[in-house]
Structures are given as C-alpha cells and as structure tokens.
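Have a look at the structure below, then the notes.
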Ligand SMILES: Cc1ncc(COP(=O)(O)O)c(C=O)c1O
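Take a look at the structure:
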C-alpha cells in the first residue's frame, strides 16, 4: 500500500498553496485547502525516475522521445479506452497557457467562446484576456446538488455563432464525471454547428468508485476536437510543467504547431517528461490507491458535515479531488465565508470566482489528519456563525 498519510514538506519550498498563505490571505498559519495540488508525496516510481535522471548530470534541450509518446498513448488506451496515434500528440507546458494559445490560434478577436459555469476561473480569463467574447452556458444544479448540462441553452448558444467551446471534463469545481451520452451529445452539437471543441481533461484519472471517464476524443468527432491532458493532478507534478494536447486532426495540429512556432512558444520540459513517462508506465496502482484514499476523504467530509454542520450540503463527488460545498444557508456569500474561514484557520476557494457565490471549494488531496483538522476549523467557525 502506498502512503498518503505522511504530509509532504511544503512550507518554505515556494509552494503557492503553503507559502502564499500570509500574503494572499493574511493568515500564515491557516491550513490550506485551496490550490489544486496534493499535500502528500508523488509516487516513489516518479521520484526514482527523476533521481535517476539527475544522476546523468545534464538537463539540456530535449524533444519527446518514442518511449515517452508510447507511454502517453499506452496510458490513454489502458485508462481511458481511447486508441490514439502518437503523431496526434503535441507537447505543452501547462493546460492554462495552452488554452490561451488555442483560443488565440483558432479564434479572432471578438469571437464567441463558450464555457459551462460555474467552472475553473482561468477559462474565463484566457477568453477575456484574448479579447474574445465570453458566452456562458450555465450548468443546472439538481435538488441533490448533482449538476447536469442545459442542452437546450447550449444548442441555442452554439447555433448563435459560437466559435469554440471549452469543456471541463471531469468538471472542476462541481465534481461531475460526464457520461458517455453527455460527452457525445456535446461533441455532436459542436460538430453540427461548426464549433471547435476543446476538452480540458486534466482531472481524467481522478475518479470515485464506479465512475468511468469518457474522453471527448472518443466521441467520433475526430476532425473537430482537441483534448488536453496532463499527469499534473494525478501524480502531483504540476510544477514540472508537462502536459499533452491530443489532436487527431492533422490540419488542426499543424495550425496550432505553426502558431506556437510564430510565438516562439517552445515544446516541453525535460524533467516533466521524465516524470510523465514514469507515471504513465508505473503509476497505475498508485493512481487506483489514491482514488480510494480520496474517496475515504470525501466520505469523511460528508460524515462530519452531516453530523456537525448539516446546513452545509455537499455536491456528490464523482471525480476530481475538489468538493463543492453549498453555503447558502449560512446567509453569507462565498467571499465572506472564506474570509471568516481564513481568520479561523482554513483556506478554501470562494465559489464567486467560478461563477456561483453560494458555494465554496474544498481541496481534499491531503493526508486525512490534515483534512480532519481542517474540518474541525470549518465546522466550528460556520456553526458559530449560524448560531449568531
Ligand atoms: C480544469 C483545470 N484545468 C487546468 C488546470 C491547471 O493546469 P496547468 O497547471 O497545467 O495550467 C487546473 C488546475 O486546477 C484545472 O482544474
């Protein structure tokens, strides 16, 4: 069994989540549950590969090797049932920067780009900062807090001149793992209305029991889809800046590659690719065990809140390690709630930034003891507020 209980040493390492607590939230001692990385260590197989590489004492310019590309294709096939050609891979150094490249490459200033809110906030940022027009297709929140897509609204908006749709799959922050039907319908609508589908699947490996991820690349719309994936969330290697675009269509691939060349955006990170290859070659058991551990953490959150703070309800977690908590019954908006929690000693993300002020986001990718301590802070603080 792998060890997820031992905390990684992070304070003083430049870790955003830990070292920016004071400057960003005014409480350098608060327990951090914000930035989406993990507070336990990366798989030993990944660490060994990096240490082995360091023994070679050289870190020069590199391109993706055949064994690297085979490892990525093997992972995509084994874990996600999608058979890809290694020629379809375009290396990138992070999903958000690549989204920015993609938006600027395939759309013109003023063009409409659709996102499904509430959603990971940099989606809106890359669209707006590129001078494109943001179109929102809001997700529907069910009585059980399970979200679904509003296909009527989606179709209407796609038909009204949208050029690109950015799908978040699995979805951060609402925790949905979109079904095959949902993904196929989305992909087909995009194809029908000539809207390029860009699917951010960075969380695709982090699946709760019984959930199966269906990649947009598998929806049969090969000429109209770009899938973005990375080992960063799954194996806690986000700082190594290694991600992969999977682009089945040669025309789209060439256009993006040429665009990146004109910007002098260079391909890949040497150590990132070493970590990625090791993770995708040796990381299956670790990934499965991590999913089991995260599910245990999610159950702890549900149990503690149900018992001590039933006013705060939790959206069902199907995928990702990010839990979406409904705080509307506190009577405060998400920013006010987060400020109170910061002062009390727990840093969460306010839902306002994702497009829903009635929720906060809790990252549960940490040792269980840390989560338990955080839940003490959260329940004591918010229960106190509710009594006032
Ligand atoms: C949906 C989603 N996309 C992208 C990212 C960030 O990816 P990167 O660090 O590769 O830019 C995150 C991180 O939280 C995310 O949740």
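In this note's numbering, the protein residues as written are 29 to 416. Ideal Cβ positions, reconstructed from N, Cα and C, are used throughout, including at glycine. From a predicted model like this one, the values you see are computed outputs, not experimental measurements.
Tell me whether the beta-carbon of residue 64 lies closer than 8 Å to the beta-carbon of residue 319. Cβ distance not < 8 Å, so residue 64 and residue 319 don't count as in contact.
Identify every run of the beta strand (DSSP E) within the region 226–277, keeping only runs that are complete inside it and at least 3 residues long; order them along the chain. As far as the region 226–277 is concerned, its whole beta strand (DSSP E) runs of at least 3 residues are 253–257 and 271–274.
If the criterion is Cβ atoms closer than 8 Å, does the pair residue 258 and residue 44 meet it? Here residue 258 is not near residue 44, since their CB atoms are 8 Å or more apart.
Given that a residue counts as buried once 16 or more other Cβ atoms are within 10 Å of its Cβ, and exposed if not, what is residue 245? By the 10 Å Cβ count, residue 245 comes out buried.
Is the separation between the beta-carbon of residue 162 and that of residue 141 shorter than 8 Å? A distance below 8 Å separates the beta carbons of residue 162 and residue 141.
Residue 374 by DSSP, collapsed to three states: which one? It is a strand residue.
What are the uninterrupted segments assigned as beta strand (DSSP E) that are 3 or more residues long and contained completely in the region 125–168, given in chain order? Listed in chain order, the complete beta strand (DSSP E) runs (minimum 3 residues) inside the region 125–168 are 140–143 and 161–164.
Ligand 1 and residue 230: does any heavy atom of the ligand fall closer than 7 Å to the residue's C-beta? Yes; taking the cut-off as 7 Å, the Cβ of residue 230 has a heavy atom of ligand 1 nearer than that.
Distance, Cα to Cα, residue 393 vs residue 223? Roughly 35 Å between the two C-alpha positions.
Where the beta strand (DSSP E) containing residue 191 begins and where it ends: Residues 190–196.
Go to residue 9, then tell me how far its alpha helix (DSSP H) extends in each direction, as first and last residue. Residue 9 is absent from the structure shown; the chain starts at 29 and stops at 416.
Is residue 51 helix, strand or coil when you go by DSSP? Note: residue 51 maps to helix in three-state DSSP.
Beta-ladder partner(s) of residue 387, from DSSP: When DSSP reads this structure, residue 387 sits in a beta bridge with 354.
Contact between the region 124–134 and the region 175–185: three or more CB pairs below 8 Å? Fewer than three beta-carbon pairs drawn from the region 124–134 and the region 175–185 are found closer than 8 Å, and the two stretches are therefore not classed as touching.
Nearest CA to the CA of residue 115: which residue from 397, 101, 107 and 109? It is 101.
Residue 146 versus residue 83: straight-line alpha-carbon distance, rounded: Using only the alpha carbons, I get a separation of about 45 Å.
Measuring from the CB of residue 122, is there a heavy atom of ligand 1 at a distance below 7 Å? Of the heavy atoms belonging to ligand 1, at least one sits nearer than 7 Å to the Cβ of residue 122.
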